[in-house]
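Each remark here refers to the structure printed beneath this line.
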Amino acid sequence: MGESNQQQVPLKEGFWTSGTPDGGPRLIGSRCTNCGEVYFPKKPKGWCLHCQQQTLEEILLSPRGRISAVTVVRQPPAGGFYHGPVPYAYGLVDLSDGLRLVSQITADDLDSIPVGGEAELVIKPLYQDPEGREIMTFMFTPVA
């Protein structure tokens, strides 16, 4: 998931896998075999919300997409649930699978993230918990 000597744990189990044939991380989703609707996160079982059929299969989503919107958050959200760094970029990424994801977007210069530019999936530390573990999450980063 990264290069660190600290224990790394996912923010949420089952959102991604690192053991793919291409070696990179991939988000885990679901696709309806009847109508083709794609979901993230993976729906463990149940009905397709689009066609009402019980025909969902697990898929690995594309690791690349296009940034369709981005904003830089300069204050932490209220409520105390967010423990990551501030400022951070948050945006919409359109995957080639036909899915639009809301995700953090990481870059050296948050104010220069290109809307319309390509981005790829990365797994990065979000914060360190009280036990000293790195809490990992998925993000997208612009591709030059």
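One rule links them: number in this note's numbering = place in the sequence shown (from 1) + 878.
Think of the CB as a built atom: it goes at the ideal place given N, C-alpha and C, for glycine as much as any other residue.
Inset, instruction - Report the option in G902, I1001, Q930 and D987 whose CA atom is closest to the CA atom of E915. - result: Ranking G902, I1001, Q930 and D987 by Cα distance to E915 puts Q930 first.
Inset, instruction - Give every residue of the same chain whose Cβ lies closer than 7 angstroms to the Cβ of Y917, excluding the five residues on either side of it in the sequence, and list them in chain order. - result: G907 and S908.
Inset, instruction - Have a look at the DSSP bridge pairing and note the partners of R909. - result: V916 and E935
Inset, instruction - May I have the straight-line CA-CA distance separating P992 from V948, to the nearest angstrom? - result: When the Cα atoms are used, P992 and V948 turn out to be separated by approximately 8 angstroms.
Inset, instruction - Determine the direct distance from the alpha carbon of Q982 to that of G994, and round the result to whole angstroms. - result: 16 angstroms
Inset, instruction - Determine the direct distance from the alpha carbon of Q932 to that of N912, and round the result to whole angstroms. - result: Taking the straight line joining both Cα atoms gives about 9 angstroms.
Legend entry - DSSP state of M879 mapped onto helix, strand, coil: Note that M879 scores a pLDDT of 47, beneath 50, so its modelled location is shaky; the value from the coordinates is reported in the next line. The answer is coil: DSSP assigns M879 none of H, G, I, E or B.
Legend entry - S990 - containing beta strand (DSSP E), residue span: Annotation for S990: no beta strand (DSSP E) segment contains it, and DSSP assigns it neither H nor E.
Inset, instruction - Could you tell me which of L939, A985, A967 and R952 sits nearest to G1034, measuring between CA atoms? - result: With the chain covering only 879 through 1022, there is no way to say anything about residue 1034.
Inset, instruction - Measure the C-alpha to C-alpha separation of S946 and D986 and round it to an integer number of angstroms. - result: 19 angstroms
Legend entry - Local Cβ density within 10 Å of W925, reported as buried at 16 or more and exposed below that: exposed
Inset, instruction - Rank V1021, P941 and C910 by C-alpha distance to the C-alpha of S896 and give the top, closest one. - result: P941
Inset, instruction - Specify the secondary structure class of Q885 as computed by DSSP and reduced to three states. - result: Coil, per DSSP.
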